[in-house]
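Just below is one structure, and these are the notes that go with it.
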Amino acid sequence: MASPDPAAALLALDRTHVWHPYASMNDPAPTRLVTGASGAHLELADAGRVVDGMSSWWAAIHGYRHPALDAALRSRVDEFAHVMFGGLTHEPAVRLAARLVEVAPDGLERVFLADSGSVSVEVALKMVLQAQRGRGRPERTRLLTVRGGYHGDTFGAMAVCDPVGGMHTMFRDVLPEHVFADRPPAPGDAAAVERWSQSFRALASAHAHELAAIVVEPLLQGAGGMHVYDAACLRVMREVADEHGLFLVLDEIATGFGRTGTFFAAEAAGVSPDVLCVGKALTGGYLTLAAVLCTDGVARDLSASESGVLMHGPTFMGNPLACAVALASLDVLATGAWRADVARIGSGLATGLAGCRGLPGVADVRTLGAVGVVQLDHPVDTGKATQAALDEGVWLRPFRDLVYTMPPYVCTDDDVARICAGVAAAAAVA
Ligand SMILES: *Cc1c(COP(=O)(O)O)cnc(C)c1O
């Protein structure tokens, strides 16, 4: 029977036809209808105006309907929306690549524009495998990574995600087997760092002959568990890579563009990678776009492989709309205001979440930059926890044993306080 309520009708169609991320069609979890978004707020059909504690999966760093990003997109649409990138180029892509080289750690000079974070990881893996071939080391086909990582949902990326999750178990027969070191320890425990470093070095030398690269998220592991680790471990990875002729691939898809307090997380460790993946906040959360930057050395080695070219080229490579909005986002970041915002939000989260420490069911509370995490000692009931946060006027998406927030940088102090109340309420759900 047709519903007289248009929101209910849309949600009924949604339940019938639309996949959502990691969702069941047999038993669909509730989804909420967004009717508007501006600044740090979402407008939900059933819950009204709420603060967005997720930045739309960490991407919408400047909030929604940012005037500069809106304007960039509008004016680009009047030029042309897309052209193929094979044999053709255009100003937004060229300017974006040049800007990324400017803001990236030293030495990263070659830019591949990809459609999404996962695809950029696939491209990065092809780069290092081809570069090893170009160096005359075709037997170096495995990757060294750490437990607890997340690099995307496509097959190459999945193979370097935490092996304990469901993806590895289910796809064991089709995934290449890479080499997993222990998760690097949390900051500040010198003895734990030393133990980890020794075992990482030992594992790397045992497998060096077959390894192409080290692939990790720097300092903050995101979807694999919101784990913060000691910067010294990243420096060890850089040393080990150099010692054994491995490339260091840093996945800054979650951490890039100021989220952890420095423009790129690796800066805080003083580490420069050979290959860098960026995505998510690259377009300020407006359109799907990612990029892979590599050194001239990687580009030369790769180009000496038997194909002579990088074997990748997506249909929507370098989409001008996405590039234009990414440039506008980088312009907003270039004002430097993000630094103060991230610090302000970080201290608001540290203060506001401190009260969760010691609550029943709470195992740990941690913050890094504009990231706040409450880890429980039990799996979260996502449906109930989401509702509890909404009752406080906050949109969150807890997962596993984690209630966390990555707010847009435009959040006011009041928004941050509200988010903390939402996180506490979600964490208190039994
Ligand atoms: C989200 C994420 C990806 C995957 O990006 P998609 O755009 O979702 O494909 C890869 N690596 C990290 C660290 C991420 O956070």
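Numbered by the working numbering, the letters in the sequence shown go through residues 2 to 431 in order.
Beta carbons are placed, not taken as given, at the ideal position from N, Cα and C, and that holds for glycine.
- A distance criterion of 6 Å places the beta-carbon of D365 beyond contact range of ligand 1, judged by its closest non-hydrogen atom.
- In this structure, ligand 1 has no non-hydrogen atom nearer than 6 Å to the beta-carbon of E268.
- Remark: the C-beta of H152 is in contact range of ligand 1, defined as less than 6 Å to any heavy atom.
- Note on Y287: 16 or more other CB atoms within 10 angstroms of its CB, so buried under the neighbour-count rule.
- Short of 6 Å from the beta carbon of P93, and not among the five residues preceding or following it, lie these beta carbons of its own chain, in chain order: P321, C324 and A325.
- Listed in chain order, the non-local C-beta contacts of F264 below 8 Å within the same chain comprise V104, G257, F258 and L334, local neighbours out to five positions each way being set aside.
- V84 sits in coil when the DSSP states are folded into three classes, being neither helix nor strand.
- Taking 8 Å as the upper bound for CB-CB distance, T155 and E123 are in contact here, some 6 Å apart.
- The secondary-structure analysis by DSSP pairs T155 with nothing; it has no beta-bridge partner.
- Pairing A125 with V250 gives a Cβ-Cβ distance under 7 Å.
- Separation of A305 and M128 (C-alpha to C-alpha, rounded to the nearest whole angstrom) is 12 Å.
- Residue pairing for W396: DSSP places it in a beta bridge opposite D53.
- Shortest gap from the CB of A255 to any heavy atom of ligand 1: under 6 Å.
- P408 and P5 have their C-alpha atoms spaced approximately 35 Å apart.
- The region 401–417 makes contact with the region 369–387: 3 or more CB pairs, one atom from each, lie closer than 8 Å.
- Out of S348, G362, D382 and L331, the CA that lies nearest to the CA of A73 is found in L331.
- The C-alpha of G394 is placed about 43 Å away from the C-alpha of R239.
- Annotated as distal: M55 and R419, with beta-carbon spacing of 7 Å or more.
- Spanning the alpha carbons of H152 and V216 requires a straight line of approximately 9 Å.
- With a contact defined as Cβ atoms closer than 8 Å, A266 and L221 qualify at about 6 Å.
- If only uninterrupted beta strand (DSSP E) runs of at least 3 residues are considered, those enclosed by the region 218–288 are 248–252 and 276–279.
- About 14 Å separates the beta carbon of G356 from that of A427, a gap too long to meet the 8 Å contact definition.
- Rounded to whole angstroms, the gap between the alpha carbons of E244 and D15 is 53 Å.
- In this structure, G87 is the residue among R134, G137, T336 and G87 with its C-alpha nearest to the C-alpha of F113.
- Each residue's CA atom was taken as its position, placing A60 and A341 some 19 Å apart.
- With distances taken between CA atoms, H313 lies nearest to V293 out of Y230, V293 and G271.
- Taking 4 residues as the minimum length, the alpha helix (DSSP H) runs contained wholly in the region 343–393 are 383–392, in order along the chain.
- Excluding the 5 residues flanking it on each side, A193 has same chain C-beta neighbours closer than 7 Å at P186, in chain order.
- A distance criterion of 6 Å places the beta-carbon of E218 in contact range of ligand 1, judged by its closest non-hydrogen atom.
- No Cβ-Cβ contact shorter than 7 Å links G347 with G319.
- The Cβ atoms of S121 and A327 do not sit closer than 7 Å to each other.
- In the structure shown, R138 adopts coil according to DSSP, grouped into three states.
- When rounded, the separation of the alpha-carbon atoms in L11 and S57 is 21 Å.
- Going by C-alpha positions, T170 is about 22 Å away from H228.
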